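Q: Mind looking over this structure? Questions follow.
Number of protein chains: 2
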Amino acid sequence: MLKTGSTQIRIVLVEAQGPLNVGSVARIMKNMGLNHLVLVNPQCDPYGAEARKMAVHGAEILEKATIVSSIPEALKGCQRAIATTCLNRSLPTHLESPKNSLPWLLGYSAALIFGREDRGLTNVELNYAQRFVRIQANDSYPSLNLAQAVAICCYELYQAQLNQQDNSPQSQPNLDSEASLDVLEAYYQDLETILLKIGYLYPHTASSRMEKFRRLYNRAYPSTQEVAMLRGMIRQINWALSNYYGDDT
Amino acid sequence: MLKTGSTQIRIVLVEAQGPLNVGSVARIMKNMGLNHLVLVNPQCDPYGAEARKMAVHGAEILEKATIVSSIPEALKGCQRAIATTCLNRSLPTHLESPKNSLPWLLGYSAALIFGREDRGLTNVELNYAQRFVRIQANDSYPSLNLAQAVAICCYELYQAQLNQQDNSPQSQPNLDSEASLDVLEAYYQDLETILLKIGYLYPHTASSRMEKFRRLYNRAYPSTQEVAMLRGMIRQINWALSNYYGDDT
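See the structure below:
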C-alpha cells in the first residue's frame, strides 16, 4: 500500500546483546514496512534459533541484515540520522519525542540508531546523529526494553507515513540538498585533525570540544556543496601551513 | 509526575502463551505508569524465570497480577473496555487506531484487552468490549508480536495522558454516569435468557443476534440507572410470563 518514504530508513542497533531482541526488531520492521537492519558490532548471533524464533515472518530481514564494526560505516550514504536515548545524560541538546522528530526522516536516506540494552549509546556515539529522541516514560522506571522501544519508533514512522499520504500531494524533499553523513563525518575528521595540528584542540579535550562543532554544523544541515567548501578550506589551511611553516603534510 | 488517569486502566491478556511476552508486558506497563495486569486463563507461568527476566524492574507487576478464568471476571468493575484485533474478521464494526481510541479510557475504570499470540480474540470475546483497536501495519505482515503491540498501546495511553495534562484544567469525566461492564454484562445475560425463553432467539443463532444488541447498547454507553431500568423491564417481563402463562420461573 505504501509506496515510498520509510523504505530508505535503516534501523541501526549498536552492540545489541539479546538475540530475542534482535529477532523482535526484525519482526516489527517487517510489520511496519522497513527492511534494512544494520547491526554494529553485534554481541549475539542474529542468525541463530532464538533470533529467528522471535522474528517469525521477519526472518528475511535478519538474513539480509548488514553487519559493520562502527557507526560511521552503518551510516554510510545516509543523509539524516536520529539517535535514541533514554536518559538526559549531559547532552547539551534538546531531546524530542518520536512523534515530533521521526517524520523528519521520511523521504531521505536515513538512519534511526538504538544503543545497547544496558547502557544505550555513549555521548561520542550520539554525536553521529543530528537529532535525539527520547520516549517519554514514567520517572520511576524510564528504561524501555530495546525491542519495545524500536516497536514504538517504527510505529510512529509508519503513522507519519500514513499521515503524509493523507496530506498528499506534497512537495518532495530535495534529496540533493543535504550532505550525506559520511561526507559530513569526513569533514569532522579533517577539522579535528587540523585543529589538533594547529594546537586549537588538545588531545584530552578534543572530543568534547568537537561535540560543540558537530552540534553547530548539524543544526545547519549543510549541503554537499557546503561541505565540499568547508573541506576545501581545511585543505587550504594545510597548504598554507606547509608553505608558511615548512611542514610537508 | 502523572497524578491520575491511566492508573485505573488494567491490561488484560487472554490466554497468553509466552512467558517472555508476559514479562515484557509487565516491563512496558511499569515504564508507562500502568500497574494492574490481569491474566485470563494464562497458558504459561507468569511468575517463572523467563517472565521475570524480561520484566526486569516490572517484576512487581507480575507478582501482583490478577489471574482469572474468564473475560467478564477480568472486566469486573470496569466502565470502559477496548479490545485489540489484528484482522478485520467479520466484525460488523469500525476498527480504530490506538491514537484515536485509547484516550477514551483515561479517567475511567477501564480495560485494554489483548488476545492470544497466535489467534487473537474470538468474536465472542471481542464482544465484551465497546470499541476495537487495530494497529495499522504493512499488508504483507500485519501481525505484531504481543508484547510489542502492548508497548505501542501503553505508549499511546501515556502520550494521551501527557496531552491531557497539557490541556488542563479540563472537566473530569463523570465516573458515575456510565454503567460498569459487569452490570451491563449481567443485563445481556438477562436479555438473552428472556429472549430465548420467549422464542425470539433460537439457541443456534442466539450469539450472533445478541452481538447486534450488544453493539446497539454499547454505542449508547448506558448509565447505571439506565441498566437498572432495562433489567427491571426484564424482571417485569418474567413476572408477566409467569402470571399470564402460568410459568413459575
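Note that the protein sequences, when read in sequence, are chains R and Z. Sequential numbering from 5 applies to the first sequence in our numbering. Sequential numbering from 5 applies to the second sequence in our numbering. Here a beta-carbon is modelled for each residue, glycine too, at the ideal position from N, C-alpha and C. These figures come from a predicted structure and were not determined experimentally.
Determine the burial state of Z/GLN163: buried for a count of at least 16 other Cβ atoms within 10 Å of its Cβ, exposed for fewer.
A: In the second sequence, the residue the question calls residue 163 of chain Z occupies position 159. Under this definition Z/GLN163 is a buried residue.
Q: For a test of the three-state rule: what should DSSP assign to R/GLY11, helix, strand or coil?
A: Position 7 of the first sequence, counting from 1, holds the residue named residue 11 of chain R. The sequence given here places Thr at residue 11 of chain R; Gly does not occur at that position. It is helical.
Q: So with CB distances below 8 Å, who are the chain R contacts of Z/GLN134?
A: Taking the second sequence and counting its residues from 1, one reaches residue 134 of chain Z at position 130. Simply none; closest approach about 24 Å.
Q: Answer yes or no: does any C-beta atom of chain Z fall closer than 8 Å to that of R/HIS98?
A: Taking the first residue of the first sequence as position 1, residue 98 of chain R is located at position 94. Chain Z contact via Cβ: absent.
Q: Using a Cβ cut-off of 8 Å (strictly closer), state whether Z/LEU161 contacts chain R.
A: The residue you call residue 161 of chain Z lines up with position 157 of the second sequence. No, because no Cβ of chain R sits closer than 8 Å to the Cβ of Z/LEU161.
Q: Could you tell me which chain Z residues have their CB closer than 8 Å to the CB of R/GLN140, listed as they occur along the chain?
A: As a first step, residue 140 of chain R must be located in the first sequence, where it is residue number 136. Near R/GLN140 (Cβ distances below 8 Å), the residues of chain Z are TYR162, GLN163, LEU166.
Q: With a threshold of 16 other CB atoms inside 10 Å of the CB of Z/LEU91, please say whether the residue is buried or exposed.
A: As a first step, residue 91 of chain Z must be located in the second sequence, where it is residue number 87. With fewer than 16 other Cβ atoms within 10 Å, it is exposed.
Q: Looking only at C-alpha atoms, which of Z/VAL29, Z/HIS98, Z/TYR112, Z/PRO46 sits nearest to Z/ILE13?
A: Counted from its first residue, the second sequence places residue 13 of chain Z at position 9. Residue Z/TYR112 is the option with its Cα nearest to Z/ILE13.
Q: Closer than 8 Å between beta carbons: that is the criterion. Which residues of the segment 37-56 of chain Z meet it against chain R?
A: Per Cβ criterion, the list reads GLY37.
Q: What beta strand (DSSP E) runs, 3 residues minimum, are completely inside the segment 61-146 of chain R?
A: Fully enclosed beta strand (DSSP E) runs of 3 or longer: 70-72, 84-88, 114-118, 135-137.
Q: Beta-carbon within less than 7 Å of Z/VAL231's beta-carbon, same chain only, minus the 5 sequence neighbours each way: which residues are those?
A: One-based indexing of the second sequence puts residue 231 of chain Z at position 227. Only ALA183, VAL187, LEU188, TYR191 meet the Cβ criterion.
Q: Please list, in chain order, all residues of the same chain as R/VAL42 whose beta carbon is under 6 Å from its beta carbon, the five residues on each side excluded.
A: Your numbering for residue 42 of chain R matches position 38 in the first sequence. ARG14, VAL16, THR70, ALA78.
Q: Using the beta-carbon of each residue, which ones in chain R are nearer than 8 Å to Z/GLY62?
A: Walking along the second sequence from the start, residue 62 of chain Z turns up at place 58. Here the neighbours are TYR145.
Q: So is R/SER28 in contact with chain Z if we call contact Cβ pairs under 8 Å?
A: Numbered from 1 along the first sequence, position 24 holds the residue referred to as residue 28 of chain R. Yes, because at least one Cβ of chain Z sits closer than 8 Å to the Cβ of R/SER28.
Q: Helix, strand or coil for Z/LEU38, going by three-state DSSP, please let me know.
A: Within the second sequence, the letter at position 34 stands for residue 38 of chain Z. Coil at Z/LEU38, not helix or strand.
Q: For a contact meaning CB atoms closer than 7 Å, what does R/ILE152 contact in chain Z?
A: By one-based count along the first sequence, residue 152 of chain R stands at place 148. One detail in the question is off: residue 152 of chain R reads as Gln in this sequence, not Ile. Within chain Z, the residues near R/GLN152 are SER28, ILE32, ALA151, GLN152, ALA155.
Q: For R/LEU43, name the three-state secondary structure that DSSP assigns.
A: As a working note, residue 43 of chain R is residue 39 in the first sequence. Residue state, collapsed to three classes: strand.
Q: Once DSSP output is grouped into helix, strand and coil, what is the label at R/LEU17?
A: Reading the first sequence from its first residue, position 13 is the one you call residue 17 of chain R. Three-state DSSP puts R/LEU17 in a strand.
Q: Indicate whether at least one CB of chain R lies closer than 8 Å to the CB of Z/ASN35.
A: Locating residue 35 of chain Z in the second sequence gives position 31, counting from the first residue. Yes, its Cβ sits closer than 8 Å to a Cβ of chain R.
Q: Give me, in chain order, the residues of the same chain whose beta-carbon lies closer than 6 Å to that of Z/LEU179; leave out the 5 immediate sequence neighbours on both sides.
A: Residue 179 of chain Z sits at position 175 when you count from the first residue of the second sequence. Only weak support exists for where Z/LEU179 lies, its pLDDT of 47 falling under 50; the coordinates are left without a value.
Q: Among R/VAL26, R/LEU24, R/LEU205, R/ILE32, which residue has its Cα nearest to the Cα of Z/SER144?
A: On the second sequence, position 140 is the one that residue 144 of chain Z refers to. The shortest C-alpha separation from Z/SER144 is found at R/ILE32.
Q: Leaving out five residues on either side along the sequence, give the residues of the same chain with a beta carbon under 6 Å from the beta carbon of R/GLN47.
A: Residue numbering aside, residue 47 of chain R sits at position 43 when the first sequence is read from its first letter. These residues qualify, in order along the chain: GLU19, GLN21.
Q: Tell me which same chain residues have a C-beta within less than 8 Å of the C-beta of R/ILE86, skipping the five on either side of it?
A: As a first step, residue 86 of chain R must be located in the first sequence, where it is residue number 82. Here the set comprises SER105, LEU106, TRP108, LEU109, ALA114, ALA115, LEU116, ILE117, ALA133, GLN134, ARG135, PHE136, VAL137.
Q: Using a Cβ-Cβ cutoff of less than 6 Å, which residues in the same chain neighbour Z/ALA63 once the five nearest sequence positions on both sides are dropped?
A: Walking along the second sequence from the start, residue 63 of chain Z turns up at place 59. These residues qualify, in order along the chain: ARG56.
Q: Does DSSP put R/ILE202 in a helix, a strand or coil?
A: Indexing the first sequence from 1 puts residue 202 of chain R at position 198. R/ILE202 falls in the coil class under three-state DSSP.
Q: Can you find a CB in chain Z that lies within less than 8 Å of the CB of R/VAL110?
A: The residue you call residue 110 of chain R lines up with position 106 of the first sequence. The residue asked about is misnamed: residue 110 of chain R is Leu in this sequence, not Val. Judged by the 8 Å Cβ criterion, R/LEU110 is not in contact with chain Z.
Q: Just to confirm, is the Cβ distance from Z/ARG223 to Z/ASP194 under 8 Å?
A: Within the second sequence, residue 223 of chain Z is the residue found at index 219, counting from 1. Within the second sequence, residue 194 of chain Z is the residue found at index 190, counting from 1. Their beta carbons are not under 8 Å apart, which means Z/ARG223 does not touch Z/ASP194 by this criterion.
Q: Using a Cβ-Cβ distance under 8 Å, would Z/LEU185 count as near chain R?
A: By one-based count along the second sequence, residue 185 of chain Z stands at place 181. For Z/LEU185, the answer is no, since every Cβ of chain R falls outside 8 Å of its Cβ.
Q: Can you give the beta carbon distance from R/GLN152 to Z/GLN152, rounded, assuming they're within the 8 Å contact cut?
A: The residue labelled residue 152 of chain R in the question sits at position 148 within the first sequence. The residue labelled residue 152 of chain Z in the question sits at position 148 within the second sequence. Confirmed, about 6 Å.
Q: Taking the straight line between their C-alpha atoms, what separation do you get for R/ARG218 and R/TYR225?
A: Residue 218 of chain R sits at position 214 when you count from the first residue of the first sequence. Residue 225 of chain R sits at position 221 when you count from the first residue of the first sequence. Rounded to the nearest angstrom, the two C-alpha atoms are 11 Å apart.
Q: Given that R/LEU148 touches chain Z, what residues does it touch there, using C-beta distances under 8 Å?
A: As a position in the first sequence, residue 148 of chain R is number 144, starting the count at 1. Neighbours of R/LEU148 on chain Z, chain order: ARG31, ILE32, ASN35, ALA155.
Q: The alpha helix (DSSP H) with Z/TYR159 in it runs from where to where?
A: Within the second sequence, numbered from 1, the residue matching residue 159 of chain Z stands at position 155. Residues 150-170.
Q: Counting only Cβ-Cβ distances shorter than 9 Å, please list the residues of the segment 12-25 of chain R near chain Z, keeping chain order.
A: Going along the segment 12-25 of chain R in chain order, one finds LEU24 with a Cβ nearer than 9 Å to chain Z.
Q: Taking 8 Å as the cut-off, decide whether the C-beta atoms of R/CYS157 and R/PRO102 are in contact.
A: Here residue 157 of chain R refers to the residue found at position 153 of the first sequence. Here residue 102 of chain R refers to the residue found at position 98 of the first sequence. Yes, Cβ-Cβ distance for R/CYS157 and R/PRO102 is below 8 Å.
Q: Terminal residues of the continuous alpha helix (DSSP H) containing Z/ALA183?
A: For the purposes of this step, residue 183 of chain Z is taken as the residue at position 179 of the second sequence. Per DSSP, Z/ALA183 belongs to no alpha helix (DSSP H) and is neither H nor E.
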